[in-house]
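Under the working numbering, the first residue of the sequence shown is numbered 50, with each subsequent residue one higher. Scroll down for the structure; my scribbles are underneath it.
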Amino acid sequence: MIQVKDFVADFIAAWNMLVDRPLPRIAGPLGAGKATSGGVLICFPLIGLVLGALTAWIASLAQACLSRFAGAFVFALLAGALFWFKDSGRGLAMLISYAAGRFSGMESSRALDEASPRMESSLGSPVVMMFSAVGIMAMLGMLFALFYRGAGAWFPAILAADAFVQARLCLLPTRRTGQPLLRTRGSREIGFLAAAGIVSALLMLVIFSRIAALGAMVIIWVWFWRELPESEEFKRGITPDWISLWGFWAAVLMLVCGMGLL
Numbered sequence: 050m051i052q053v054k055d056f057v058a059d060f061i062a063a064w065n066m067l068v069d070r071p072l073p074r075i076a077g078p079l080g081a082g083k084a085t086s087g088g089v090l091i092c093f094p095l096i097g098l099v100l101g102a103l104t105a106w107i108a109s110l111a112q113a114c115l116s117r118f119a120g121a122f123v124f125a126l127l128a129g130a131l132f133w134f135k136d137s138g139r140g141l142a143m144l145i146s147y148a149a150g151r152f153s154g155m156e157s158s159r160a161l162d163e164a165s166p167r168m169e170s171s172l173g174s175p176v177v178m179m180f181s182a183v184g185i186m187a188m189l190g191m192l193f194a195l196f197y198r199g200a201g202a203w204f205p206a207i208l209a210a211d212a213f214v215q216a217r218l219c220l221l222p223t224r225r226t227g228q229p230l231l232r233t234r235g236s237r238e239i240g241f242l243a244a245a246g247i248v249s250a251l252l253m254l255v256i257f258s259r260i261a262a263l264g265a266m267v268i269i270w271v272w273f274w275r276e277l278p279e280s281e282e283f284k285r286g287i288t289p290d291w292i293s294l295w296g297f298w299a300a301v302l303m304l305v306c307g308m309g310l311l
């Protein structure tokens, strides 16, 4: 019972860091557990897998009751809504704002500093608004195609990558306090996150044993685990909004790679 209580506490703590809609407090013995940093790190990619699998399952019900087109339509709507509501659109707004800054000639560090987590601020010009609308429609179209062509099970990998990258960046010092958002007691607990990421990757590689899936996993591991945290922009610390940005960007890359599974 103690292990179950602690796992529930770890899951809730990880959920509340990933999703803006907090889980309700659980009454009784199951709600009396104590979260640990190692357990919370393990639960990050697990939450992504669970949310992605639930989305694909609901869309599969719609397909069984109606048609494949209806299932794909429901899948695209649910997946798009999940992308938006899990962080109130901050990841998307930050990506749009950062991309607009980079295309205007800003250096990466300045574009990050000036990126806005508010959508109304990110869509500051008609050109940015037009390209953003095209990008959003392209994402929804890729999600539709993913399910329609029978690869809806890739969506758990997309959300797991988002959560995995956010967990990795939560271990970096923040600019405001100089302390990470998630403090660990040593490298052993960081290894828990690495193990959870490896297990998630191997699971998806078993389901999709294709070069596109392998390439996506390599991108996540090489760039987001090793290269990005060591980049010059993060030398002075990181912000929570940056974590949302790079997590969302990892999800977008995984979605694009998923087109190679079709």
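Here a beta-carbon is modelled for each residue, glycine too, at the ideal position from N, C-alpha and C.
Leaving aside the five residues that flank Asp-55 on each side, the residues in its chain whose CB is nearer than 8 angstroms to its CB run, in chain order, Gly-82, Lys-83, Ala-84, Thr-85, Gly-88. If you look at Cys-114, you'll find it in the alpha helix (DSSP H) that goes 86-114. Taking 7 angstroms as the cut-off, the beta carbon of Leu-161 is found no closer than this to the beta carbon of Glu-281.
For Gly-140 and Gln-52, the gap between their C-alpha atoms comes out near 33 angstroms. Taking 7 angstroms as the cut-off, the Cβ atoms of Gly-97 and Ala-243 do not count as close. Counting only the Cα atoms, Met-253 lies some 13 angstroms from Val-99.
As far as DSSP is concerned, Ile-207 takes part in no beta bridge.
Ser-157 counts as exposed, since fewer than 16 other beta carbons sit within 10 angstroms of its beta carbon. In terms of Cα proximity to Ile-107, the closest of Arg-151, Met-179, Ala-202 is Ala-202. In the structure shown, Pro-73 adopts coil according to DSSP, grouped into three states. The C-alpha of Arg-237 lies about 44 angstroms from the C-alpha of Gln-112. Judged by DSSP secondary structure, Gln-52 falls within the alpha helix (DSSP H) whose first and last residues are 51-67.
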